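Contents: one structure, followed by commentary.
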Amino acid sequence: MSVFYITTPIYYPNARPHIGHAYTTVFADTLARYHRMIGDDTFFLTGTDEHGLKLQRAAEKKGVDPKTFVDEMVVYYKEYWKLLNISYDWFIRTTDDYHVHTVEKMISELHRKGLLYKDRYSGWYCASCEKYYSETEYEVVDDKPHCPIHKKPLEWLEEETYYFKLSEYRDFMLDVLEKTEIVYPKSYAVEVANRLKKEGLRDVSIARPKERVSWGVELPFDREYTVYVWFDALLNYISAIGYPDDLQRFNHYWPAAHHVIGKDILWFHTVIWFSVLKALDIPLPKKVLVHAFLVNRGIKMGKSAGNVISIEYMVDRYGVDGTRYILMRLMNMAKDVDVTQELFDNVYNTELADVYGNLIRRVGVLVKRKLKGRLEPTSVEQGIAEAIENALDSYSKEMERFDVSRALGTAIELLRKGNAYVNETKPWQQSDPSKSLYTLAELIRAATVMLHPVIPSTTSRTAESFGFPITTPKELRLGENGYTVKESPILFKKTG
RNA sequence: AGCGGGGUAGGGUAGCCUGGCAGCCCGCGGGGCUCAUAACCCCGAGGUCGGUGGUUCAAAUCCACCCCCCGCUACCA
140 MSVFYITTPI YYPNARPHIG HAYTTVFADT LARYHRMIGD DTFFLTGTDE HGLKLQRAAE
200 KKGVDPKTFV DEMVVYYKEY WKLLNISYDW FIRTTDDYHV HTVEKMISEL HRKGLLYKDR
260 YSGWYCASCE KYYSETEYEV VDDKPHCPIH KKPLEWLEEE TYYFKLSEYR DFMLDVLEKT
320 EIVYPKSYAV EVANRLKKEG LRDVSIARPK ERVSWGVELP FDREYTVYVW FDALLNYISA
380 IGYPDDLQRF NHYWPAAHHV IGKDILWFHT VIWFSVLKAL DIPLPKKVLV HAFLVNRGIK
440 MGKSAGNVIS IEYMVDRYGV DGTRYILMRL MNMAKDVDVT QELFDNVYNT ELADVYGNLI
500 RRVGVLVKRK LKGRLEPTSV EQGIAEAIEN ALDSYSKEME RFDVSRALGT AIELLRKGNA
560 YVNETKPWQQ SDPSKSLYTL AELIRAATVM LHPVIPSTTS RTAESFGFPI TTPKELRLGE
620 NGYTVKESPI LFKKTG
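According to the numbering used here, the first sequence is numbered sequentially starting from 140.
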């Protein structure tokens, strides 16, 4: 039995999750469900990143302490993931004791190894925000940097901080990016590698003075500082599976680690994360799966752009499974996908309602009407049997290449063949349509199994209605089991 | 500017690595079916495969140059 460990980024709970978070999370969930289905020992992790200045601020604004604030916010994440049927095995919060413990131990370890040093940090600072702004963040007015929020001039400020010797890992990183297949799709690895070659690697500040950022993990060796959030956050992937206290558990899952991330946080999950792991003598994860974004009229969805599609809206219109299906069917790791309601409606109506739902309905009705709901095992039409085997085969290949959209495409293609087969054999005219309908039931079973990781509630309903188990797509054993069709449900109501 | 991705019928895309009749989905036109969620099936129209030049018996596919679009460019999850 293989092991499969999959993670999402841990989300920053300063606002409720939207469809972008769902995109990432449903993708991870789909892969987790697929691996459970084929029998892998699967561990699926998600959670929240609860430290840092932004949360400190948000809490202050509401007049509550940060912990109270994140305690409230984290409920939303859990509720949304429950709504979307996210089958996580563990929900980590970076404020959890065991995680803080890991952070303290690891930062001390870096310190002990001499990989940290104290030095001056300087940059453009906004006193109102109490925050530094990078060159890409601030606005230039009259040749001078200004705060993008307060529109006031920034002041050049210096403070003491701790640096991590990231620069020592340049060659290591280049090797990893150019010679391994960890970063997927590969084009993202090339992007980072080119940037490394061109710009090199600078050491990175890993702490903040406590007077400025109090909401974080204190440096064990200098209580005047808190650990900067990215370091804190990245460690969730190992603290959640027992590092460093439960090495048996850690060693079991870690070699199978797959990090799902959006392309915006690629740099952190390659250069910084890999270097930290190397520094701690921990092997690298197996894969970093990077995806592009859903965009709305060409603009990345986000609060500031005001073009966010809410999870509620999607679920209201398409149901939970419909939402999950649409997201996964449109999933594209390499490039952004411009989405519209018309596109969503189209995918939902044609593929789920017309192709899948309607086939279930018509075959169900025929079996009940012509054969009193009972199908004994018999031979499967050869052409269809071959189509099923081919589809299952491609499906597994695509899923294992993390191409969920194409995997779904193979299921839909098979279902279209099913609909064509109904038209060809006209079971309603046959005196004994057993073979046709049994063939169709087997096709439906195969397609249902294929769709199961993405639309688990619906496929369970289909399996229940037709009386078959959801098993691994690797061993479907065609022609062995009969069916008792209890009902022929309408699975998806058309919309639009 | 550099780097990465992309420019294929009205829209969305596959194919490009490993040259050889340009495939699929939506939409559109016609036909069939009547088991089914006005669903399903079949047929058809529609393409200078961004441009120019080159390699080749043959180029969407390889090479060169150019144009256009998107993204990334470090402390921002």
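Note that CB positions come from ideal geometry on N, CA and C, so glycine has one too. In this text the structure is predicted, and so the values were computed from the model without any measurement.
What are the complete beta strand (DSSP E) segments, minimum 3 residues, inside the region 535-578? Positions of the beta strand (DSSP E) runs, each at least 3 residues long and wholly inside the region 535-578, cannot be given because no such run exists.
State the DSSP-derived secondary structure class of Val593, mapped to helix, strand or coil. Looking up residue 593 in the first sequence gives position 454. Note: Val593 maps to coil in three-state DSSP.
Note down the Cα distance separating Leu340 from Lys244, rounded to an integer number of angstroms. Here the question's residue 340 lines up with position 201 in the first sequence. Here the question's residue 244 lines up with position 105 in the first sequence. Going by the C-alpha atoms only, they are around 25 Å apart.
Which same chain residues, not among the five before or five after Pro595, have their C-beta less than 7 Å away from its C-beta? As a working mapping, residue 595 is identified with position 456 in the first sequence. Within the same chain, Pro595 has close Cβ partners Arg172 and Asn224.
Check the C-beta distance from Leu630 over to Val593 and give it rounded, since I have them as a contact under 8 Å. By 1-based counting over the first sequence, the position of residue 630 is 491. By 1-based counting over the first sequence, the position of residue 593 is 454. For Leu630 against Val593, the beta-carbon gap comes to about 13 Å, at or over 8 Å, which does not count as contact.
Glu451 - containing alpha helix (DSSP H), residue span: As a working note, residue 451 is residue 312 in the first sequence. In the DSSP assignment, Glu451 falls within the alpha helix (DSSP H) that extends over Ile450 to Arg468.
Does Ala372 pass the burial test, meaning 16 or more other C-beta atoms within 10 Å, or should it be called exposed? Taking the first sequence and counting its residues from 1, one reaches residue 372 at position 233. Here Ala372 is buried. Its C-beta has 16 or more other C-beta atoms within 10 Å.
6 Å Cβ shell around Leu469 - same chain, five flanking residues per side excluded: Position 330 of the first sequence holds residue 469. Cβ neighbours of Leu469 beyond the five flanking positions: Val476.
Grouping DSSP H, G and I as helix and E and B as strand, with all else coil, what is Lys336? Against the first sequence, residue 336 aligns to sequence position 197. For Lys336, the secondary structure class from DSSP, reduced to helix, strand or coil, is helix.
Given a cut-off of 8 Å on the beta-carbon distance, is the pair Val399 and Leu428 in contact? Residue 399 sits at position 260 when you count from the first residue of the first sequence. Residue 428 sits at position 289 when you count from the first residue of the first sequence. Yes, they are a contact pair.
In terms of alpha-carbon separation, which member of Glu211, Ser273, Lys201 and Tyr144 lies closest to Trp229? Taking the first residue of the first sequence as 1, we reach residue 229 at position 90. Considering only alpha carbons, the answer is Tyr144.
Cβ separation of Leu296 and Gly253, assumed to be a contact under 8 Å, to the nearest whole Å: Walking along the first sequence from the start, residue 296 turns up at place 157. Walking along the first sequence from the start, residue 253 turns up at place 114. Not confirmed; about 28 Å, so no contact.
Contact between the region 506-524 and the region 568-581 (3+ Cβ pairs under 8 Å): Touching, yes, given that three or more Cβ pairs across the two stretches are closer than 8 Å.
Might you give, ordered along the chain, the residues of its own chain that have their beta carbon closer than 6 Å to the beta carbon of Phe605, omitting 5 neighbours on each side? Position 466 of the first sequence, counted from the start, is the residue given in the question as residue 605. Around Phe605: Tyr622 and Val624.
In chain order, which beta strand (DSSP E) runs of at least 3 residues are fully inside the region 321-381? Every unbroken stretch of the beta strand (DSSP E) spanning 3 or more residues and falling wholly within the region 321-381 is given here in chain order: 346-348 and 361-366.
Please determine, among Val368, Glu490, Leu170 and Asp571, the residue with the shortest C-alpha to C-alpha distance to Ile149. Within the first sequence, the letter at position 10 stands for residue 149. Comparing C-alpha distances from Ile149 to each of Val368, Glu490, Leu170 and Asp571 shows the shortest one belongs to Val368.
Quick one: is Met212 buried, meaning 16 or more other Cβ sit within 10 Å of its Cβ, or exposed? Stepping through the first sequence from its first residue, residue 212 is reached at position 73. Its Cβ being crowded by 16 or more others within 10 Å, Met212 is buried.
Under a Cβ-count criterion, where at least 16 other Cβ atoms within 10 Å of its own Cβ denotes burial, should Pro422 be classed as buried or exposed? Your numbering for residue 422 matches position 283 in the first sequence. Around the beta carbon of Pro422, a 10 Å sphere encloses fewer than 16 other beta carbons of the protein chains shown; the residue is thus reported as exposed.
Do Tyr256 and Tyr308 come within 8 Å of each other at the CB atom, strictly closer than that value? Taking the first residue of the first sequence as 1, we reach residue 308 at position 169. Taking the first residue of the first sequence as 1, we reach residue 256 at position 117. The Cβ atoms of Tyr308 and Tyr256 do not sit closer than 8 Å to each other.
So if DSSP puts Phe143 in a beta bridge, which residue, or which two residues, is it bridged to? On the first sequence, position 4 is the one that residue 143 refers to. According to DSSP, Phe143 shares a beta bridge with Thr181.
Suppose contacts are defined by Cβ-Cβ distances below 8 Å. Is Tyr382 in contact with Thr163 by that definition? On the first sequence, position 243 is the one that residue 382 refers to. On the first sequence, position 24 is the one that residue 163 refers to. By the CB criterion at 8 Å, Tyr382 and Thr163 fall outside the cutoff.
Can you say whether Leu305 is buried or exposed, counting buried as having 16 or more other CB atoms within 10 angstroms of its CB? Residue mapping note: residue 305 aligns to position 166 of the first sequence, counting from 1. By the beta-carbon neighbour count (other beta carbons within 10 angstroms, threshold 16), Leu305 is buried.
Relative to the C-alpha of Asp342, which candidate in Leu194, Phe303, Leu192 and Glu537 has its C-alpha closest? Here residue 342 refers to the residue found at position 203 when the first sequence is read from its first residue. With distances taken between Cα atoms, Asp342 lies closest to Phe303.
Pairing CB atoms from the region 581-591 with CB atoms from the region 489-499, are three or more of them under 8 Å? Counting C-beta pairs with one atom in each stretch, the region 581-591 and the region 489-499 have three or more that are closer than 8 Å, which means they touch.
Is His157 helix, strand or coil by DSSP? The residue given as residue 157 occupies position 18 in the first sequence. Residue state, collapsed to three classes: coil.
Minimum C-alpha distance to Thr146 - residue among Ala431, Ala154 and Ala379: Translated into positions along the first sequence, residue 146 becomes position 7. Of the listed residues, the one whose Cα sits closest to Thr146 is Ala379.
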